[in-house]
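A.B. asks: Got a structure for you, questions after.
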Amino acid sequence: MGRYFLAERLKNRHTSAEKLMILMPMITVFLAAWLGREYFVINSYNWWYMILFPGMLALIGASVGNRDKRMDDRAIRVLPVEMGAVWDGKVLYGILCVGIALTVFLCMTLIIRMGFGQNPGQVFRIDPSAGEQIFAVVVLFVTSLWQVPFCLFMQQIAGTFLMILIHMGSYILLSAELSLHSFFMVLPGGITSRLMCIILKILPNGLAAEPGSMTFTQELLDQNGLPIGIAASVIWFLIFWQLSRRWFMGRIDRQK
193 MGRYFLAERL KNRHTSAEKL MILMPMITVF LAAWLGREYF VINSYNWWYM ILFPGMLALI
253 GASVGNRDKR MDDRAIRVLP VEMGAVWDGK VLYGILCVGI ALTVFLCMTL IIRMGFGQNP
313 GQVFRIDPSA GEQIFAVVVL FVTSLWQVPF CLFMQQIAGT FLMILIHMGS YILLSAELSL
373 HSFFMVLPGG ITSRLMCIIL KILPNGLAAE PGSMTFTQEL LDQNGLPIGI AASVIWFLIF
433 WQLSRRWFMG RIDRQK
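As structure tokens, then:
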């Protein structure tokens with residue numbers, strides 16, 4: 193599997209996928225810092241996990257998935273290898289992109305927050321500690337992994353434009369609505385924003401998770417949601433990975 197992962201890295205060198213995982217988190221953090229220091233942390237995280245991060249994953253999925261597809265998979269059909277391993281390489285490369293993007297996002301947020309904090313009069317609407325932010329990013333990583341095989345699969349069957357439209361539309365809807373209910377784990381799009389309520393005390397609508405805020409209920413801060421959401425995300429990731437892997441193997445076999 194490692195060889196196919198390295199092959200995907202080589203195929204995607206100097207492509208839009210490499211640029212996106214660096215530029216998108218930087219743009220998000222700089223934009224949040226420019227628009228308001230008091231709400232810097234709220235805006236930075238909320239805009240990232242609600243819109244820009246899933247958007248980045250959709251674009252990376254389109255870039256990685258289209259690399260072989262636009263050549264009708266001729267470059268891989270002739271290889272004497274198991275096609276499932278080729279798909280695994282694509283998924284693993286997508287996971288690497290997720291990790292790099294989140295690391296850039298976390299570092300930029302902590303650095304700019306530290307810079308703003310040098311002003312004695314600076315007050316932040318929500319100000320999680322460095323440890324809380326690190327934990328939040330780790331949870332973001334785990335709960336976002338399902339998007340990698342999902343976006344790759346959707347790109348293969350629906351094309352880039354429809355995949356982005358379906359993924360972003362469904363994700364934003366589920367994040368904003370499903371995450372507010374006790375059954376938030378039944379679809380993966382509702383998990384991340386729910387867990388950010390617990391860890392960072394930020395609602396999906398960008399408001400502080402506290403009494404008086406629109407859509408707030410005390411249930412949203414229930415710590416029991418953390419292990420449930422993390423476990424559900426891992427299960428969804430494994431389901432999407434295995435189903436998309438089998439589909440990809442079947443498609444290549446039919447093409448031979």
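When we follow this note's numbering, the leftmost residue of the sequence shown carries the number 193, and every step to the right adds one. Glycine included, each C-beta is placed from N, C-alpha and C at the ideal position. Remember, predicted model here, so these are calculated numbers, not experimental data.
Three or more beta-carbon pairs under 8 Å between the region 407-422 and the region 316-326, yes or no?
C.D. replies: With the rule of 3 Cβ pairs closer than 8 Å, the region 407-422 does not count as touching the region 316-326.
A.B. asks: Flag this pair as yes or no: are the beta carbons of S255 and T207 separated by less than 8 Å?
C.D. replies: Here residue 255 refers to the residue found at position 63 of the sequence shown. Here residue 207 refers to the residue found at position 15 of the sequence shown. Yes; because the gap between Cβ atoms is below 8 Å, this pair is in contact.
A.B. asks: Where does S374 land, buried or exposed, given buried means 16+ other C-beta within 10 angstroms?
C.D. replies: Counting from one through the sequence shown, the residue named residue 374 turns up at place 182. Under this definition S374 is an exposed residue.
A.B. asks: Which residue marks the beginning of the alpha helix (DSSP H) containing N238, and which one marks its end?
C.D. replies: Against the sequence shown, residue 238 aligns to sequence position 46. Per DSSP, the unbroken alpha helix (DSSP H) holding N238 starts and ends at F232 to W239.
A.B. asks: Anyone know if the C-beta pair for I391 and A328 falls short of 8 Å?
C.D. replies: For the purposes of this step, residue 391 is taken as residue 199 along the sequence shown, with counting starting at 1. For the purposes of this step, residue 328 is taken as residue 136 along the sequence shown, with counting starting at 1. Against a cut-off of 8 Å, the Cβ pair of A328 and I391 comes out as a contact.
A.B. asks: State the CB to CB distance for the pair F432 and W338, rounded to an integer number of angstroms; the pair is presumed to be in contact (CB under 8 Å).
C.D. replies: Looking up residue 432 in the sequence shown gives position 240. Looking up residue 338 in the sequence shown gives position 146. Confirmed, about 5 Å.
A.B. asks: For A400, does the three-state DSSP call read helix, strand or coil?
C.D. replies: If you number the sequence shown from 1, residue 400 lands on position 208. Here A400 sits in strand by DSSP.
A.B. asks: Less than 8 Å between the beta carbons of F384 and T352, yes or no?
C.D. replies: The sequence position of residue 384 within the sequence shown is 192, counting from 1. The sequence position of residue 352 within the sequence shown is 160, counting from 1. Phe is not the amino acid found at residue 384; the sequence shown has Thr there. Going by C-beta atoms, T384 is not nearer than 8 Å to T352.
A.B. asks: Does the structure place the region 279-293 close enough to the region 211-226 that three or more beta carbon pairs sit under 8 Å?
C.D. replies: yes
A.B. asks: Short of 8 Å in beta carbon distance, which residues of its chain neighbour I394, apart from the five on each side in sequence? Order them along the chain.
C.D. replies: Reading the sequence shown from its first residue, position 202 is the one you call residue 394. Within the same chain, I394 has close Cβ partners I234, Y237, N238, I318, M388, A400 and A401.
A.B. asks: Buried or exposed, going by whether 16 or more other CB atoms sit within 10 Å of the CB of P312?
C.D. replies: One-based indexing of the sequence shown puts residue 312 at position 120. With fewer than 16 Cβ atoms within 10 Å of its Cβ, P312 is classed as exposed.
A.B. asks: What does the Cβ neighbour count give for F136, buried or exposed, with the cut at 16 atoms within 10 Å?
C.D. replies: Since the first and last residues shown for the chain are 193 and 448, residue 136 lies out of range.
A.B. asks: Which same chain residues end up closer than 8 Å to A225 when comparing Cβ atoms and leaving out the 5 residues on each side of it in sequence?
C.D. replies: Reading the sequence shown from its first residue, position 33 is the one you call residue 225. Same-chain partners within the cutoff: F232, S236, I304 and F308.
A.B. asks: In chain order, which continuous runs of the alpha helix (DSSP H) of length 4 or greater are located wholly inside the region 372-396?
C.D. replies: 383-392
A.B. asks: Considering only the alpha carbon of each residue, which of I349, G442 and G381 lies closest to V426?
C.D. replies: Residue mapping note: residue 426 aligns to position 234 of the sequence shown, counting from 1. Nearest of I349, G442 and G381 to V426, Cα basis: G381.
A.B. asks: Which residues bound the alpha helix (DSSP H) around H359?
C.D. replies: Position 167 of the sequence shown, counted from the first residue, corresponds to residue 359. Note, H359: alpha helix (DSSP H), T352 to A368.
A.B. asks: May I ask you to report which of helix, strand or coil DSSP gives P217?
C.D. replies: In the sequence shown, counting from the first residue as 1, residue 217 sits at position 25. Reduced to three states, the DSSP call for P217 is helix.
A.B. asks: Along the alpha helix (DSSP H) that carries W279, what are the first and last residues, could you check?
C.D. replies: What you label residue 279 is simply residue 87 of the sequence shown in a count that begins at 1. Looking at the DSSP string, the run of the alpha helix (DSSP H) that includes W279 is M275 to G309.
A.B. asks: Excluding the five sequence neighbours on either side, which residues of its own chain have a C-beta within less than 7 Å of the C-beta of W496, listed in chain order?
C.D. replies: This structure cannot settle anything about residue 496, because the visible part of the chain is limited to 193 through 448.
A.B. asks: Does DSSP classify W226 as helix, strand or coil?
C.D. replies: If you number the sequence shown from 1, residue 226 lands on position 34. DSSP places W226 in helix when its eight states are reduced to three.
A.B. asks: P341: which of V283, E369 and M355 sits nearest, CA to CA?
C.D. replies: Your numbering for residue 341 matches position 149 in the sequence shown. That would be V283, whose Cα lies nearest to the Cα of P341.
A.B. asks: Quick check on the DSSP output: the alpha helix (DSSP H) that includes L412 runs from which residue to which?
C.D. replies: Working through the sequence shown from its first residue, we reach residue 412 at position 220. Taken as a continuous stretch (DSSP letters only), L412 belongs to no alpha helix (DSSP H), as it is neither H nor E.
A.B. asks: Using CA atoms only, rank isn't needed, just tell me which of M218, L372 and A423 is closest to F245.
C.D. replies: Here residue 245 refers to the residue found at position 53 of the sequence shown. Ranked by how close their Cα comes to the Cα of F245, the residues M218, L372 and A423 have M218 in first place.
A.B. asks: Please determine, among Y241, A423, G404 and G286, the residue with the shortest C-alpha to C-alpha distance to F197.
C.D. replies: Position 5 of the sequence shown holds residue 197. Among Y241, A423, G404 and G286, the Cα nearest to that of F197 belongs to G286.
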